[in-house]
Amino acid sequence: MARNSGVKNGRKEMSARRTKSVLSRCWQIVLLPLWSTSALWAVGTDGTPNNGTNIFSPASTPAKSIADLSIFVLVITGIIFVVVFALLFYSVVKFRMRAIDAGREPAQVYGSTQIELAWTIIPTLIVVVLFLATARVIHAVQDAPEPSDAVEVTVIGHQYWWEFRYPKLGIVTANELHIPVSNPSHPTPTFVQLLSADTDHSFWVPELAGKTDLIPNHPNRMWVDPQRTGVFLGQCAQYCGTQHAKMLLRISVDGPEDFASWVRSQQKPGVEDAGAIAGRRVFERNACMNCHAVAGTPADGRFGPDLTHLMSRTTLAAGAAENTHDNLRLWIQNPSVIKPSSLMPSMKLSDADLDAVVSYMETLH
Amino acid sequence: MSSNVITVSVGQTDAKPWVDELHQWLATVDHKRLGILYIVSALMFLLIGGVEALIIRIQLMHSHNNFVSPEVFNRMFTMHGTTMIFFVAMPVLFGFANYLVPLMIGARDMAFPRLNAFSFWLSFLGALLLYFSFLGGSGLYGAGNAPDVGWWSYAPLGARAFSPGHSSDYWTLSLLVSGFGSIGTAINIIATILCLRCPGMKLNRMPLFAWLNLVMAGMVLIAITPLSAAQIMLLIDRYLGGHFFDTQAGGSAVLWMHFFWIFGHPEVYVLIIPCFAFMSEIIPVFSRKPIFGYPVMVAATVCIAFVSMSVWAHHMFTIGMNSYANSFFTLTTMAVGVPTGIKLFNWIGTMWGGRIQFKTPMLFSIGFLFQFLIAGLTGIMMAASPFDWQLSLSYFVVAHFHYVIVGGILFALFAAFYYWYPKMTGRMLSESLGKWHFWLFLIGFHLTFDVMHVPGILGMPRRIYTYEPSRGWDTLNFIISVGAFIQALAILVFIANLIVSYFKGNKAGNDPWDAWTLEWSISSPPAPYNFATVPTVASRRPLWDEKHPEDPDSRYE
Amino acid sequence: MSAETTSFPNTVPAWDLPSRGKIAMAGLIVAESAIFTIFVVAYLFYLGKSITGPTPREVLETPIFYTICLLSSSLTIHLAAKFLARGIAFAFLAFWLLTIALGGLFFYGTAQEWHRLIYEHGLTISTNLFGTTYYSLVGLHGFHVTAGLIMLTIVAVFGLGGRVGVEQSGHIEVLSMYWHFVDAVWVVVFTVVYVLGR
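Residue numbers (numbering that gives the first Met the number 0), protein chains in the order written: chain A, 0 to 364; chain Y, 0 to 556; chain U, 0 to 197.
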């Protein structure tokens, strides 16, 4: 009984590897409902459809390797479930007490060495197979060498926003990342270094890669090579304090020309608009520049996001609000309304000062 | 029959004034009373922790909900996790161990009755300390109240800089205090089992319940203490200016994680092994067969205890360990599934060829087997570390561990309640209320925790007080929350059953289930001294030998 | 109201189980060893990682004399227990008091060393990682020495009052297990802090 099903299990496990691609396709059909619920296609302000956050919709090699391994693991655990559940179900049905049994005890069986051996050896073999398949993916993802022309980004986690620096390109931005699309035949991956300025965070964009934590005094490294353009979503996954839920991520994967033009515009210093002088004075006199930086001006605070190209971002406050005039005004007036316990204080500006500062911000393209 | 038979009447005493009765309960050193105190206080905290869970589920019912503020939400999930692990699961399991171990080994009490009482009151004090934080946690303005650092209090979030005030100190102190209580109980269990067994009860004739609690107690000694050590270090950091986890001074946040999970992983085995003990007693009785493979069950449990000390960093797959470390912990985590699976197969082997009675304890046991199978398999999925890089810190892992704790541990506990309540009170729990409890809870449980795996796969992280509507998680979260309320209803049915049956339940007699271990040889409830004469045993099922003198177990062992 | 009979077939011969005091103390020692292990791991992990401040090499002096005191106290307590088991109360008391004296000397040595470290070298628990881990580990051990000395003193008081005899031999052995444990921990701490750590 148990032993026969064990042998069946072994045979099925061998054929599982051969028919993995077929099964994998079956699973994709099974998972189709998941995909459709996840892909509530909102359209970004630049017209590019957003992707979802479904770990089974990989768009990049790390995510894809993980998804493939996961299907394999799901198939094996699925088979184990079916077999053991069948045994359980059968025993519950077949060996239930019937009226005719009353007063008689069944045969008192104490055990069986052969059966114990069988259901020790077979699971051990399954573990060996699973481990080997897994170890291969671990090394492939973690120990991938970095090509010399990879785009390098340093991500610094803050309570509750993301700082992005491109050391080789001289760019500093926040919360919305732009990286180039990667052609599988000639890959241009992006290698990311992960640091933290305060507590632990975790960088999770499910369709691009598994998550990796940002831990102070413990630099981490990950990489992605997205194979389709679009906006990919994610958020912080390691509880980091009150507004952990509002530390969202937007990764814009751009075609080569779009990426190049984005880089060029980010490398420029802050726009100097003579009409916004009043707002700029408010900004500089009200200690905003203690936390924020605008390239090309005296403002070079690093505690808060770099504002040089604020208007190139679609959201504010790490995704807590759309980047609109009203939201921007509300955010500067009283951040706690949009994101309570955010570390940006309300500067209690007068209406006139507030409008001036907002106008200045709106020139920072 | 031996010559030293003593007939003792457990007579009616005069009704005592309630003050005396209260004093007896507060000053008791009797393992049975302390067991009941543990169990009742755990039930109280189950209700409180359950309310915290309902608050969480109401807030998450739809996106951008405003039922509670983010600060309150963060306190709720911290308190819910801390309460359920330390002040529900551990005490209730210690309570059952306290009550049953001496009875099953033919002893009159635990080895150290006063230490027993001290350990209980320490544990209860710890719980009170944690909840006092709601009142006394106010330190700096706006920084007080209950702890909100998650039940792991990861560094540096738990440091002074990020948790000002005293709220997280209540977390630390309450767990330190109750941790010492747990160590006292563990020492007591070990000493009782090794030193107070009745004549003839060699270690390989002990009920599996005793064996598994012995293994659990041994694990407590080396699992709880790393947490105590880490918490002492945290207090040194917070109050004496230490730098154990101070990343600015070169300290390591990852070190806290290692220390915490060196405690945290064996801890979950500390919780599940007594539930394995329940199953190993209940399933045989309701299948009318002895446990299949007794020696293998013992060996597998000891194996689990050892291997489980080597898997802790599977909670840390995302922190950036190198590929060799990740591979090592993948291997050990998958390996611990082998002895665990063996136990599952042995329970099914016990049922196989038996005559299964579907009384309420057995219904919950079958639920346990089904759910523990699934929970173990989702655990294997996450053991594959790349898969875990996606699933960790998401609602998939929340679903997994609730599957183990609610679907496994709580179901086994319900089985234990229905099985041993007659022994403890002398009354049977109502079978019909029991069946309502079972089916309602089963439906609610699966509605919540089966569905909960999906938001994890769809990218929903844990510990978030709200989520964006565009993510597509609304409907799923709504269903999950509905299931939570159904479970709450089932728990109310259970509590009602406990109370109503105490007064109106059928009289149980010594041995309502026709079982085979020593606790069923004495009255229900037992006399304070348990056994008038210390029994002598010759096999693993002494009562089977007595009921079947023509075919005793002693002939086959 | 209910009759209680307990009798099962096939009685077995003599039944000898370990002493519960010794098992309990062994359990406590296992638990305490786990706590010390964590502090030792932290100490070893942070060796060489302090950003500032004095290093072990600069400030630590190996306490050979006080270590000999503590380790010999294991011998004296062992002898005391042996004498008590044989009922020779006078010898028991003499070696017991000697144990306390040696333990007290060790405690004084630690206090003296800390005084020197704090006032001459400015090393406190908050100075740097070395300070934190050193004072925690040695302090935890010192705390256990203190607890042991208190228990030994209580027994000494009873002993001087003539109340410790051969019947208390089991309890004395349990207590001496604890004292041996404290000494064994010191061997580990000494090796880690004064030998490996420098």
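Ideal Cβ placement from N, Cα and C applies to all residues, glycine included.
Every value quoted in this text rests on a predicted model; they were computed, and no experiment measured them.
Closer than 8 Å, CB to CB, is residue i near chain Y or not?
{"i": "Thr98 of chain U", "result": "no"}
{"i": "Phe38 of chain U", "result": "yes"}
{"i": "Ile34 of chain U", "result": "yes"}
{"i": "Val181 of chain U", "result": "no"}
{"i": "Tyr238 of chain A", "result": "yes"}
{"i": "Gly86 of chain U", "result": "no"}
{"i": "Leu22 of chain A", "result": "Below a pLDDT of 50, predicted positions are generally treated as unreliable, and Leu22 of chain A, at 45, falls in that range; the measurement from the model is reported next regardless. No, Leu22 of chain A does not count as interfacial toward chain Y."}
{"i": "Asn3 of chain A", "result": "Residue confidence for Asn3 of chain A is low, a pLDDT of 35 falling below 50, so the modelled location carries little weight; the figure read from the coordinates is stated next. It does not; no Cβ of chain Y falls within 8 Å."}
{"i": "Ile63 of chain U", "result": "no"}
{"i": "Pro105 of chain A", "result": "yes"}
{"i": "Met343 of chain A", "result": "no"}
{"i": "Ala383 of chain A", "result": "The question about residue 383 of chain A has no answer here: the residues shown for chain A are numbered 0 through 364."}
{"i": "Ala30 of chain U", "result": "yes"}
Could you work out which residue in the options is closest to residue i when comparing CA atoms only?
{"i": "Glu283 of chain A", "options": "A:Val270, A:Leu248 and A:Ala298", "result": "A:Ala298"}
{"i": "Ala33 of chain U", "options": "Y:Leu226, Y:Ile221, Y:Gly217 and Y:Pro283", "result": "Y:Ile221"}
{"i": "Ala155 of chain U", "options": "U:Phe129, U:Leu27, U:Glu57 and U:Phe91", "result": "U:Phe91"}
{"i": "Tyr464 of chain Y", "options": "Y:Phe72, Y:Leu233 and Y:Lys506", "result": "Y:Phe72"}
{"i": "Trp150 of chain Y", "options": "Y:Tyr420, Y:Gly48, Y:Pro511 and Y:Phe357", "result": "Y:Gly48"}
{"i": "Met200 of chain Y", "options": "Y:Thr535, Y:Ile84 and Y:Gly217", "result": "Y:Thr535"}
{"i": "Ala244 of chain A", "options": "Y:Met43, Y:Asp550, Y:Asn64 and Y:Phe95", "result": "Y:Asn64"}
{"i": "Leu363 of chain A", "options": "A:Glu321, A:Val293 and A:Trp330", "result": "A:Val293"}
{"i": "Glu31 of chain U", "options": "U:His120, U:Gly102, U:Val181 and U:Val194", "result": "U:Val181"}
How many whole angstroms separate the CB atoms of residue i and residue j, which I take to be in contact at a CB cut-off of 8 Å?
{"i": "Met278 of chain Y", "j": "Ile318 of chain Y", "result": "About 35 Å separates the two Cβ atoms, so there is no contact after all."}
{"i": "Leu43 of chain U", "j": "Val173 of chain U", "result": "Their Cβ separation, rounded to whole angstroms, is 31 Å, which puts Leu43 of chain U and Val173 of chain U out of contact at 8 Å."}
{"i": "Gly110 of chain A", "j": "Phe291 of chain Y", "result": "5 Å"}
{"i": "Tyr293 of chain Y", "j": "Arg539 of chain Y", "result": "7 Å"}
{"i": "Cys274 of chain Y", "j": "Val533 of chain Y", "result": "The pair is not a contact, with the Cβ atoms about 29 Å apart (cut-off 8 Å)."}
{"i": "Leu193 of chain A", "j": "Asn219 of chain A", "result": "4 Å"}
Residue i versus chain Y: which residues are under 8 Å apart at the beta carbon?
{"i": "Ile124 of chain U", "result": "Ile235, Leu239, Gly240 and Gly241"}
{"i": "Phe80 of chain A", "result": "Leu372, Ile373 and Leu376"}
{"i": "Phe84 of chain A", "result": "Phe369 and Leu372"}
Does any residue of chain A have a CB that is nearer than 8 Å to the CB of residue i?
{"i": "Trp388 of chain Y", "result": "yes"}
{"i": "Ile479 of chain Y", "result": "no"}
{"i": "Gly138 of chain Y", "result": "With a pLDDT of 48 at Gly138 of chain Y, under the threshold of 50, the modelled position of this residue cannot be trusted, and the question is left open."}
{"i": "Ala537 of chain Y", "result": "no"}
{"i": "Ala142 of chain Y", "result": "Low per-residue confidence applies at Ala142 of chain Y: pLDDT is 47, beneath 50, and the placement is therefore not dependable, though the value from the model is reported in the following sentence. So, not an interface residue."}
{"i": "Gly336 of chain Y", "result": "yes"}
Please list, in chain order, all residues of the same chain as residue i whose beta carbon is under 6 Å from its beta carbon, the five residues on each side excluded.
{"i": "Met361 of chain Y", "result": "Phe285"}
{"i": "Pro468 of chain Y", "result": "Ser62"}
{"i": "Thr75 of chain U", "result": "Phe94, Leu97 and Thr98"}
{"i": "Asn9 of chain U", "result": "The pLDDT assigned to Asn9 of chain U is 47, lower than 50, so where the model puts this residue is not dependable; a value taken from the coordinates is nonetheless given after this. There are no such residues."}
{"i": "Arg355 of chain A", "result": "One detail in the question is off: residue 355 of chain A reads as Ala in this sequence, not Arg. Same-chain partners within the cutoff: Ala277, Gly278 and Val281."}
Could you pull out every residue in the same chain whose Cβ sits closer than 7 Å to the Cβ of residue i, ignoring the five residues on either side in sequence?
{"i": "Leu441 of chain Y", "result": "Gly366"}
{"i": "Gly433 of chain Y", "result": "Thr359, Tyr417 and Asn496"}
{"i": "Gly353 of chain Y", "result": "Ser286, Arg287 and Lys288"}
{"i": "His399 of chain Y", "result": "Ala374, Thr377, Gly378 and Met381"}
Against residue i, what residues of chain A qualify as contacts under a CB-to-CB distance less than 8 Å, listed in chain order?
{"i": "Ser40 of chain Y", "result": "Ordered by position in chain A, no residue passes the 8 Å Cβ test against Ser40 of chain Y, which lies about 29 Å from the chain."}
Which residues in chain U sit within 8 Å of residue i, going by Cβ to Cβ distance?
{"i": "Phe111 of chain Y", "result": "Arg19 and Ala23"}
Apart from the five residues on each side of it in sequence, which residues of its chain come closer than 8 Å, Cβ to Cβ, to residue i?
{"i": "Tyr588 of chain Y", "result": "Beyond the ends of chain Y as shown, which are 0 and 556, falls residue 588 of chain Y; an answer cannot be given."}
{"i": "Gly161 of chain U", "result": "Ala88"}
{"i": "Val186 of chain U", "result": "Leu70"}
{"i": "Gly249 of chain Y", "result": "His242"}
{"i": "Phe244 of chain Y", "result": "Ala154, Pro155, Gly157, Ala158, Met232, Leu233, Asp236, Gly250, Ser251, Ala252, Leu254 and Trp255"}
Does residue i have its Cβ less than 8 Å from a Cβ in chain U?
{"i": "Arg554 of chain Y", "result": "no"}
Who are the neighbours of residue i on chain U, taking C-beta pairs under 7 Å?
{"i": "Gly250 of chain Y", "result": "Leu128"}
Just the chain Y side, please: which residues come within less than 7 Å of residue i by C-beta, in chain order?
{"i": "Asp100 of chain A", "result": "Arg354"}
Report yes if the C-beta of residue i is less than 7 Å from at least one heavy atom of the ligand ADP; otherwise report no.
{"i": "Arg19 of chain U", "result": "For the ligand ADP, the structure offers nothing, since it holds no ligand at all."}
Check the Cβ of residue i against every Cβ in chain U and list those closer than 9 Å, keeping chain order.
{"i": "Phe258 of chain Y", "result": "Ile37, Val40 and Ala41"}
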